[in-house]
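Residue numbers (the numbering used here), protein chains in the order written: chain G, 1 to 433; chain R, 434 to 572.
Below is one structure, written out as structure tokens; comments come after it.
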Amino acid sequence: MFQPEYESMDRVRLEAVQLERLNGLLAHVYENVPTYRRKFDEAGVAPQVGSLEEFASFPFTVKDDLRAAYPYGMFAVPMRDIVRLHSSSGTTGQVTVVGYTAGDLDIWADLMARTIAAAGGTSDDIVQNAYGYGLFTGGLGVHYGAERLGCATIPISGGNTKRQVQVMKDFGTTILACTPSYALLIAETARDMGVDPVALSLKAGIFGAEPWSENTRVEIERQFGISAIDIYGLSEVLGPGVAAECQCKCGLHVNEDHFIIEIVDTETLQPVPDGERGEVVFTTLTKQGIPVVRYRTRDISRIVPGRCECGRTFRRLERVTGRSDDMLIIRGVNVFPSQIEQVLLGIPGVAPYYQVVLSRRGSMDHVEVHVEVGPEVSFDEIKTLERLRARVSAEIASALAVNIAVRLVEPKSIQRSEGKAKRVLDLRGEGSE
Amino acid sequence: MVKQLTVFLENSPGRLARLTRSLGDAGVNMRALMVADTAEFGVVRIICDRPEDAKSALEESGFSVSVTDVIAVAVPDRPGGLADILEVLGSEGMNVEYAYCFVEPGGEAAVDVFRVERVADAMRVLEEAGIRVLRADEV
């Protein structure tokens, strides 16, 4: 453990710490964030609780609250105290911006260091960080955690897979951090290059940003000869570092000294007992920049009951395998089918009928958008069709920050529906466990 | 000037058969059929005796059809016959988007069909050069 004094804190003391921090948080947001002041007033709650149980009467925060506040409406500190900005992907109306104070970044580094330590990392390790650096929280999040732990950190970011393999080999990487599908691609590329992934110095991997199955974990561990752990986070709450597996691999320990986790019934929104499934809700206890109160993640999971053998007293969140909305995660990027629809409606020649088809090609997600050629398109010339396809592809890539293959299909060939259109055909099979 | 039908078809087995069967069932006789392919779709171009009926029949069968004006010319049956015609267009700066040829029933003359941007101008230029441009009923 990186911080055993917290990670194995006695639960009575932990809950006292949570309560104290929660009251600090409630006062901070009531004072500084108009959205929360309004929500609390409307719900008839004062920004003070005598017990954690009382917290269940507080209002929730949803993604739309953050979107409506774009860009800085939910920040709780003045901009001069913000030293880092990150955002989620998407076109205007979908993007959310998060801000961090120096203190927030310091905590984030500690939480991420805990994660790498849980994977088996120490200051002797060499971490190859193949999460994307940039506006996404993955790259820099893992980076500062690795440095905090004292690891030699390689800020290689994603892409250029042959170089990933070369670096892994030449630099003697011991810990790999990237999405699980990218890990499999790296392994495959290594073999194509005549490099045996098992013979590399790798001993552990930290994988997340997209759902992945036990089968995939077994595959990754086998192909690299490493121990692979799942990590969980979201930018609205922090980034990576919210929760992570330990070597027991039976649930992800949530950093409960910094987050309150609740599982609520998807219909009634009432908290459910440990062990029951529901929507995962987080409250940040120590973030100053953009704290969130009872943020509904739309992820569905449950708390794994009981004590973990590793000695950590933080409760475990079971691996997340489903969502309550239609958001897709494609190669680590969040995509809403409605974003695709928005792009298509803005392009003349394309009918507003489309279907996103997800499949697996080897280890990577392959995404295709099937788009109907509109009735007014003169499709006599192939160059017209090619240009249309190129335009749709470019606009989707620009709006969604992810490349999706576009396939033009015959008019009227996409199933029409009376009710909610089935916009997404997920043939990958692993996401829905 | 001739009305050519264009059908957008997904590149999968059976589509072309279905298309031609629809035409056959409607009593349409095709003069020429050309399929241009890409990896994912095909563009099928058809010259037939009754383009309007053919269009209705295909649309009823669920196909998407567009009608394009193309130029059909009689090609002299000698080496260089087609080159002479295409050089006339090229010298006037007219680009041929695509072209295809077929032989009339009876085998007397060859017909070249091509698509240009400015149909009326192209027809005038060809007629001025003494090239025989065919009417729809002559094809």
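Note that the Cβ used here is the ideal one computed from N, Cα and C, for glycine as well.
Note that the structure is predicted; figures quoted are calculated from it, not measured.
Inter-residue Cα distance where the pair is R:A562 and G:V350:
The residue you call residue 562 of chain R lines up with position 129 of the second sequence. The residue you call residue 350 of chain G lines up with position 350 of the first sequence. Going by the C-alpha atoms only, they are around 41 Å apart.
8 Å is my cut-off, CB to CB: does G:L358 come that close to chain R?
Translated into the one-based positions of the first sequence, residue 358 of chain G becomes position 358. No, no contact with chain R.
Taking the straight line between their C-alpha atoms, what separation do you get for G:M112 and G:V280?
Mapped onto the first sequence, residue 112 of chain G falls at position 112. Mapped onto the first sequence, residue 280 of chain G falls at position 280. Near 20 Å, if we compare the C-alpha coordinates of G:V280 and G:M112.
Could you give the DSSP three-state label for G:I261: helix, strand or coil?
On the first sequence, residue 261 of chain G is found 261 positions in, with the first residue counted as 1. It is a strand residue.
Taking the alpha helix (DSSP H) that R:V506 falls in, what are its first and last residues?
Residue mapping note: residue 506 of chain R aligns to position 73 of the second sequence, counting from 1. From DSSP, R:V506 is part of no alpha helix (DSSP H) but of the beta strand (DSSP E) over 498 to 508.
Give me the subset of the stretch 530 to 548 of chain R whose CB atoms are less than 8 Å from a CB atom of chain G, sorted by chain position.
E530, Y531, R548
For a contact defined as C-beta to C-beta under 8 Å, what are the partners of G:I382 on chain R?
What you label residue 382 of chain G is simply residue 382 of the first sequence in a count that begins at 1. A469, T471, V476, listed in chain order.
Within chain G, partners of R:L442 - CB distance below 9 Å
Taking the second sequence and counting its residues from 1, one reaches residue 442 of chain R at position 9. The answer, in chain order, is E410.
Do you know offhand how far G:N129's Cα is from G:M168's?
Within the first sequence, numbered from 1, the residue matching residue 129 of chain G stands at position 129. Within the first sequence, numbered from 1, the residue matching residue 168 of chain G stands at position 168. Their backbone Cα atoms lie some 11 Å apart in a straight line.
Nearest-angstrom Cα distance between G:V293 and G:D110?
The residue you call residue 293 of chain G lines up with position 293 of the first sequence. The residue you call residue 110 of chain G lines up with position 110 of the first sequence. Rounded to the nearest angstrom, the two C-alpha atoms are 22 Å apart.
G:I229 by DSSP, collapsed to three states: which one?
For this step, residue 229 of chain G is matched to residue 229 along the first sequence. It is a strand residue.
Partner residues on chain R for G:S378, Cβ-Cβ distance less than 9 Å
Counting from one through the first sequence, the residue named residue 378 of chain G turns up at place 378. Result: T439, S499, T501.
Simplified DSSP state of R:E492, which is helix, strand or coil:
By one-based count along the second sequence, residue 492 of chain R stands at place 59. Correct three-state label for R:E492: helix.
Candidates G:S378, G:T297, G:V333, of which the one nearest G:S487 by Cα:
Residue 487 of chain G is absent from the structure shown; chain G starts at 1 and stops at 433.
What does DSSP give as the partner residues of R:Q437 in its beta bridges?
Position 4 of the second sequence, counted from the first residue, corresponds to residue 437 of chain R. The partner list for R:Q437 (beta bridge, DSSP) reads R:T501.
Report yes or no: is there a C-beta of chain R within less than 8 Å of the C-beta of G:R407?
Your numbering for residue 407 of chain G matches position 407 in the first sequence. Chain R contact via Cβ: present.
Could you spell out the range, first to last residue, of the alpha helix (DSSP H) harbouring G:Q166?
The residue you call residue 166 of chain G lines up with position 166 of the first sequence. Note, G:Q166: alpha helix (DSSP H), 161 to 171.
Boundaries of the beta strand (DSSP E) in which G:S338 is found, first to last residue:
To locate residue 338 of chain G, count along the first sequence from 1; it is residue 338. It is not in any beta strand (DSSP E) - G:S338 instead sits in the alpha helix (DSSP H) that spans 337 to 345.
Just reading off the beta strand (DSSP E) that G:S393 is part of, what are its end residues?
Counting from 1 along the first sequence, the entry for residue 393 of chain G is found at position 393. Per DSSP, G:S393 belongs to no beta strand (DSSP E); it is in the alpha helix (DSSP H), 382 to 400.
R:G526: beta carbon under 7 Å from a heavy atom of the ligand PLP?
This structure lacks the ligand PLP; in fact it carries no ligand of any kind.
Can you confirm whether R:G495, when its beta carbon is compared against all beta carbons of chain G, has any partner nearer than 8 Å?
Indexing the second sequence from 1 puts residue 495 of chain R at position 62. Cβ-Cβ to chain G under 8 Å: yes for R:G495.
R:E530 and G:E381 closer than 8 Å at C-beta:
Within the second sequence, the letter at position 97 stands for residue 530 of chain R. Within the first sequence, the letter at position 381 stands for residue 381 of chain G. Cβ distance < 8 Å, so R:E530 and G:E381 count as in contact.
Does any residue of chain A have a CB that is nearer than 8 Å to the CB of G:V367?
Protein chains G and R are contained in the structure displayed, whereas chain A is not.
Chain R partners of G:V373, CB-CB under 8 Å?
If you number the first sequence from 1, residue 373 of chain G lands on position 373. Within chain R, the residues near G:V373 are F441, S497.
Assuming R:V558 is part of the beta strand (DSSP E), what are its boundary residues?
Walking along the second sequence from the start, residue 558 of chain R turns up at place 125. Not the beta strand (DSSP E): R:V558 falls in the alpha helix (DSSP H), residues 552 to 561.
Do you know whose CA, among G:A390, G:L358, G:V373, lies nearest G:D426's CA?
As a first step, residue 426 of chain G is located in the first sequence; it is residue number 426 there, counting from the start. Taking only the C-alpha atoms, the option nearest G:D426 is G:L358.
Is G:Q415 buried or exposed, if buried means 16 or more other CB atoms sit within 10 Å of its CB?
On the first sequence, position 415 is the one that residue 415 of chain G refers to. Its Cβ having fewer than 16 others within 10 Å, G:Q415 is exposed.
Spell out whether any CB of chain R is found under 8 Å from the CB atom of G:S413.
Locating residue 413 of chain G in the first sequence gives position 413, counting from the first residue. True, the Cβ-Cβ gap to chain R drops below 8 Å.
From the DSSP output, which residues share a beta bridge with R:I479?
On the second sequence, position 46 is the one that residue 479 of chain R refers to. Its beta-bridge partners are R:L438, R:L466.
Taking 8 Å as the threshold, find out whether the stretch 51 to 65 of chain G comes into contact with the stretch 294 to 304 of chain G through three or more Cβ pairs.
yes
Just to confirm, is the Cβ distance from G:I116 to G:Y100 under 8 Å?
By one-based count along the first sequence, residue 116 of chain G stands at place 116. By one-based count along the first sequence, residue 100 of chain G stands at place 100. Contact flag unset, no.
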